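K.L.:
In the numbering used here, the protein residues as written are 480 to 717. This structure is in structure tokens; I'll ask about it shortly.
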Amino acid sequence: MSILSVLYCEIRKVIRSNVFWLTFLVFLIGPLMMGIGIISAASVDEINWQVYLTQLPNTLAALGLIGYTFISAWVFGREFTDKTIKDLLAKPVSRERIVISKFLVILAWDVLLALFMFAVGFAVGAVSGLPGWSAAFVGDTFLRFFITSLLFIFITTPGALLANVSKGYLAPLGLVLLIVILSTVLSDMGFASYFPWTIPALFQIAGTLNMSSIIILALTGIAGTAGTFAWWRFAEQQ
């Protein structure tokens with residue numbers, strides 16, 4: 480069974496699920512409310528495209544962190560909660576191809592959501608008729624937001640690993656809650672550059688990262704990816 484066939488099966492499973500469309504609904508309401516909130520909170524003389532697009536991506540960061548981690552955990556964890564793991568492993572395909580296919584689906588799903596989220600936020604600003612339009616600034620903001628989203632997606636791999644180890648996606652949801660709490664506490668303490676899940680938000684704000692943050696980010700994503708492959712390769716499936 481080729482990798483394309485496995486990937487096609489994974490795509491069909493995701494698109495036919497209610498969770499796929501529910502995430503787009505959440506990522507519609509979130510940016511919509513955040514955008515309206517930013518515009519409503521500022522006075523008429525203060526708000527413009529530069530102010531709006533500076534604040535909006537920062538507020539979307541938390542939504543992306545929670546959403547991407549949930550998706551990563553759900554794609555792997557649903558095989559256990561739906562009790563389809565044995566059927567999946569019985570197929571004439573290597574476990575490595577299954578994992579690769581799932582990670583590719585997660586990547587595509589998250590990228591679509593990131594683009595959708597920015598588009599909704601942008602549409603709110605356009606409908607509101609904000610002054611100070613600058614195509615160059617919008618382009619730079621979008622590029623920074625997209626890179627930030629990719630960084631968040633990269634560090635969701637520990638959530639995928641936990642979903643496999645715990646054989647479900649409830650434990651990763653607990654991880655998300657812990658990450659949100661620690662992100663707030665560590666940021667207030669000045670350790671945001673050393674906590675993997677706050678590092679992408681720092682890039683969103685500053686547009687750059689120091690070497691130690693890059694290393695921590697890379698090791699976290701690689702560890703989650705390698706751990707997931709190792710679990711599927713060596714762990715006994717019950």
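Virtual Cβ for every residue (Gly too), placed ideally from N, Cα, C. In this text the structure is predicted, and so the values were computed from the model without any measurement.
Can you tell me the Cβ-Cβ gap for Ala639 and Phe506, rounded? I've got them flagged as a contact below 8 Å.
P.N.:
20 Å between Cβ atoms; not a contact.
K.L.:
Do the segment 486-500 and the segment 573-593 make contact, defined as three or more Cβ pairs closer than 8 Å?
P.N.:
Because the criterion of three Cβ pairs below 8 Å is met, the segment 486-500 and the segment 573-593 touch.
K.L.:
Just the Cα atoms here: how many angstroms apart are Leu563 and Asp589?
P.N.:
For clarity, residue 563 is Thr in the given sequence; the question names Leu instead. Rounded to the nearest angstrom, the two C-alpha atoms are 23 Å apart.
K.L.:
Nearest by alpha-carbon distance to Ala614: which of Gly516, Trp528, Ile515, Ser496 is it?
P.N.:
Ranking the options by Cα distance to Ala614, first place goes to Trp528.
K.L.:
For Gln717, does the three-state DSSP call read helix, strand or coil?
P.N.:
Residue placement at Gln717 is flagged as unreliable, the pLDDT there being 48, under the threshold of 50; the coordinate-derived value follows with that caveat. It is coil, neither helix nor strand.
K.L.:
How close, in whole Å, do the beta carbons of Gly720 and Gly514 come, if the pair is a contact with beta carbons under 8 Å?
P.N.:
This structure cannot settle anything about residue 720, because the visible part of the chain is limited to 480 through 717.
K.L.:
If you measure between the beta carbons of Ile634 and Leu681, is that distance less than 8 Å?
P.N.:
In this structure, Leu681 does not lie closer than 8 Å to Ile634 by Cβ.
K.L.:
Can the beta-carbon of Ala721 be found closer than 8 Å to that of Thr663?
P.N.:
There is no way to answer for residue 721, as the model of the chain reaches only from 480 to 717.
K.L.:
Can you give me the start and stop residues for the alpha helix (DSSP H) that Arg748 sits inside?
P.N.:
One cannot answer for residue 748 here, as it falls past the ends of the chain, which runs 480 to 717.
K.L.:
Out of Ala598, Leu641, Thr677, Ala705, which one is the CA nearest neighbour of Phe625?
P.N.:
For the residues Ala598, Leu641, Thr677, Ala705, the minimum Cα distance to Phe625 belongs to Ala598.
K.L.:
Let me check understanding here. Comparing Cα to Cα, which of Leu622, Pro651, Gly647, Lys646 lies closest to Thr636?
P.N.:
The shortest C-alpha separation from Thr636 is found at Pro651.
K.L.:
Leaving out the 5 sequence neighbours to the left and right, which residues in its chain are closer than 6 Å to Gln717 when beta-carbon positions are compared?
P.N.:
The predicted model places Gln717 with a pLDDT of 48, which falls under 50 and marks its position as unreliable; any figure quoted below should be read in that light. For Gln717, where only same-chain residues beyond five positions count, there are no Cβ hits under 6 Å.
K.L.:
Going along the chain, which residues of its own chain have a beta-carbon closer than 6 Å to the beta-carbon of Ser692, five neighbours each way excluded?
P.N.:
Ser672, Ile678.
K.L.:
Looking at the unbroken alpha helix (DSSP H) that takes in Thr502, where does it start and where does it end?
P.N.:
Taken as a continuous stretch (DSSP letters only), the alpha helix (DSSP H) holding Thr502 covers 497-520.
K.L.:
Report the option in Leu630, Gly600, Leu592, Ala709 whose CA atom is closest to the CA atom of Val644.
P.N.:
Of the candidates Leu630, Gly600, Leu592, Ala709, the one whose C-alpha sits nearest the C-alpha of Val644 is Ala709.
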